[in-house]
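Working notes, beginning with the structure itself.
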Amino acid sequence: MKPACWGLLLLGLVLAWSDVQAQPSCRRVLSNRKGVAKADIVVSTTAVTVADANTARCSLLIYNSSTFDMRCSDLTNDGAPTATTGVVVPAGQGRGFELEGQGQWQCIRTGTSDAAANVAEGLP
Numbered sequence: 000m001k002p003a004c005w006g007l008l009l010l011g012l013v014l015a016w017s018d019v020q021a022q023p024s025c026r027r028v029l030s031n032r033k034g035v036a037k038a039d040i041v042v043s044t045t046a047v048t049v050a051d052a053n054t055a056r057c058s059l060l061i062y063n064s065s066t067f068d069m070r071c072s073d074l075t076n077d078g079a080p081t082a083t084t085g086v087v088v089p090a091g092q093g094r095g096f097e098l099e100g101q102g103q104w105q106c107i108r109t110g111t112s113d114a115a116a117n118v119a120e121g122l123p
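Everything in the sequence shown is counted per numbering that gives the first Met the number 0, starting at 0 for the first residue and increasing by one.
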């Protein structure tokens with residue numbers, strides 16, 4: 000390989016390494032910050048904020064700990080969820096987000112009974 004090629008390869012590796020280093024690293028988890036006494040967040044007929052906007056957040060998990068489905072959306076980018084719009088979070092399942100989870104997230108129930116959101120936020 001010619002010396003110029005080695006130089007380009009080395010430059011590419013340095014740039015790739017610096018890009019990896021620039022991404023935040025989750026080191027701690029906070030749960031249910033919007034819940035009363037950090038309990039599950041009741042999700043009813045009106046959209047409720049389950050996570051405030053936080054540009055320091057590097058991951059977000061919204062888990063539906065109830066037996067009823069709910070829908071969630073990033074209020075800043077998609078607007079408030081409705082019973083028919085937003086990401087479905089089925090009963091007993093969760094949805095995880097990385098940096099796209101930095102917005103203000105709201106959830107709403109989709110059926111006739113309340114759901115319960117359990118939220119974990121990864122922070123540096």
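The beta-carbon is built from N, C-alpha and C at its ideal position, and this holds for glycine as well.
No experiment lies behind these values; they were computed from the predicted model shown.
| Check | Outcome |
| --- | --- |
| Between the CA atoms of P123 and A116 - distance to the nearest angstrom | 23 Å |
| Span separating the alpha-carbon of T84 from that of G95 | 18 Å |
| Three-state class that DSSP yields for A103 in the structure shown | The sequence given here places Gln at residue 103; Ala does not occur at that position. In this structure, Q103 counts as coil in the three-state DSSP scheme. |
| Buried or exposed (CB count within 10 angstroms, at least 16 for buried), R108 | buried |
| Straight-line Cα distance separating L98 from D39 | 23 Å |
| Whole-Å CB distance - G110 paired with F67, under 8 Å assumed | 5 Å |
| W5, buried or exposed, once every other Cβ within 10 Å from all chains shown has been counted against 16 | Caution applies to W5, whose pLDDT of 37 falls short of 50 and renders its modelled position unreliable; the value that the coordinates give is listed next. Exposed, since its Cβ has fewer than 16 Cβ neighbours within 10 Å. |
| Spatial neighbours of S24 in its chain, beta-carbon cut-off 8 Å, leaving aside the 5 residues before and after | C57, P123 |
| First through last residue of the beta strand (DSSP E) which encompasses N63 | 58-63 |
| Alpha helix (DSSP H) segment containing D77, residue limits | 74-77 |
| Q92 classed as buried or exposed, judged by whether at least 16 other C-beta atoms fall within 10 angstroms | exposed |
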